[in-house]
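Those letters in the sequence shown? Residues 1 to 162, per full-length UniProt numbering, in order.
One structure below.
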Amino acid sequence: MARIAAGYTGKSFVNQLAAAWHVSLRSTTGKTGTPQAGHTVTYGTGRLPSGTEIEISALRDHTGTLMSILCRVHGTDTATAAFFAGCAAINAPGMHPAAQASWARAATASVRRSYSAAVGAAHSAPYQSGNLTGSIGESATVIKGTTYTRPEMDLLIYGRSG
Numbered sequence: 001m002a003r004i005a006a007g008y009t010g011k012s013f014v015n016q017l018a019a020a021w022h023v024s025l026r027s028t029t030g031k032t033g034t035p036q037a038g039h040t041v042t043y044g045t046g047r048l049p050s051g052t053e054i055e056i057s058a059l060r061d062h063t064g065t066l067m068s069i070l071c072r073v074h075g076t077d078t079a080t081a082a083f084f085a086g087c088a089a090i091n092a093p094g095m096h097p098a099a100q101a102s103w104a105r106a107a108t109a110s111v112r113r114s115y116s117a118a119v120g121a122a123h124s125a126p127y128q129s130g131n132l133t134g135s136i137g138e139s140a141t142v143i144k145g146t147t148y149t150r151p152e153m154d155l156l157i158y159g160r161s162g
């Protein structure tokens, strides 16, 4: 996985995103394995006004440069598109936050329709803007010890090589 933009830490962006969605963040630095040694993951969970659980996770390399952001919604919620739009609107140099947010809103709706129609996993086509690639997916998660499943949507934004 490559950097989203050279030297861009995304710390201010991730902190503002977390504050807007009431997510408390904490960090861990990899010693070995995943994340790769020296890479840092900043992550946290929160709840949408409806009570639906959300997650934000940002991966930075050993220099502190942002490599990816993962946003997740556990369940179905009308605020998912707005949450994903906020996650996608990375303001790194050379990026287009408004276009990225617009893509996230449209892709969230499209994936939700596909998932509902198929009652199975659905994914958006990859979105590319500069060195940034994004995708949205939805699949069912089985709740441990039950036969209940709930949808889980992910938005992943990452830097691409090239």
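Ideal Cβ positions, reconstructed from N, Cα and C, are used throughout, including at glycine.
Per-residue burial, residue i [other beta carbons within 10 Å of its own, 16 or more giving buried]
i, result
"A104", "buried"
"Q100", "buried"
"G120", "exposed"
"residue 244", "Look at the range of the chain in this structure, 1 to 162, and you will see that residue 244 is not part of it."
C-beta contact flag for residue i and residue j at 9 Å
i, j, result
"A125", "A107", "yes"
"I90", "I56", "no"
"V23", "G46", "yes"
"L156", "G130", "no"
"A79", "P49", "yes"
Span of the beta strand (DSSP E), counted from its first residue to its last, around residue i
i, result
"A60", "It is Arg, not Ala, that sits at residue 60 in the sequence shown. Where R60 is concerned, the enclosing beta strand (DSSP E) stretches over 53-60."
"T29", "26-29"
"T80", "First-last for T80: 80-88, but that is the alpha helix (DSSP H), not the beta strand (DSSP E)."
"R72", "66-74"
Near the ligand ATP: residue i beta-carbon under 8 Å from a heavy atom
i, result
"F13", "Among the components of this structure there are no ligands whatsoever, and the ligand ATP is therefore not found."
Spatial neighbours of residue i in its chain, beta-carbon cut-off 6 Å, leaving aside the 5 residues before and after
i, result
"T28", "V41"
"Y115", "A122, E138"
Element boundaries [alpha helix (DSSP H), containing residue i]
i, result
"Y115", "97-118"
"V14", "11-20"
Sequence-distant residues of the same chain with beta carbon closer than 7 Å to residue i, five excluded per side
i, result
"G64", "T9"
"D61", "R3, H39, M67"
"G7", "T65"
"A17", "In the sequence as displayed, the identity of residue 17 is Leu instead of Ala. Excluding residues within five positions, the ones whose Cβ falls inside 7 Å are I56, G86, C87."
Nonlocal neighbours in the same chain, by C-beta distance under 8 Å from residue i, ignoring five residues either side
i, result
"G75", "T52, E53, R150, P151, E152"
"R26", "T42, Y43, G44"
"A98", "A89"
"A20", "G86"
"S102", "A85"
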